[in-house]
Amino acid sequence: MSISLDEPTVVSLDAQLLVYDGYAFNGRMKEDIIIGQNFETKTTVSDVMDIVSPYFVRQTLKNSIFS
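Just so we're aligned: the sequence shown equals residues 69 to 135 in the working numbering.
Given below as structure tokens:
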């Protein structure tokens with residue numbers, strides 16, 4: 069499994085963040101968007117981490133509880 073972050077360029081020039089995972093399933097590569105976020109202003113590393121970190125904290129807790 070891999071996790072990728074992308075800041076796509078859009079016509080409106082709004083900053084957008086896409087976080088998606090890539091993985092093999094039944095011998096084929098799949099991708100799922102796990103976070104999609106628009107920003108009203110420019111983005112900083114801190115802004116991105118404020119969005120991405122809580123997702124991984126929730127996933128870690130969920131995996132701890134159900135494993």
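Where is the CB? At the ideal position from N, CA and C, for every residue including glycine.
Remember, predicted model here, so these are calculated numbers, not experimental data.
| query | result |
| --- | --- |
| Given a threshold of 16 other Cβ atoms within 10 Å of its Cβ, counted over all protein chains shown, does residue 113 qualify as buried or as exposed? | exposed |
| Quick check on the burial criterion: 16 or more other C-beta atoms within 10 angstroms. Buried or exposed for residue 125? | exposed |
| Out of 98, 90 and 85, point me to the one whose CA is closest to residue 105's CA. | 85 |
| On the DSSP bridge assignment, give the partners of residue 97 in chain order. | 92 |
| Anyone know if the C-beta pair for residue 83 and residue 110 falls short of 8 Å? | yes |
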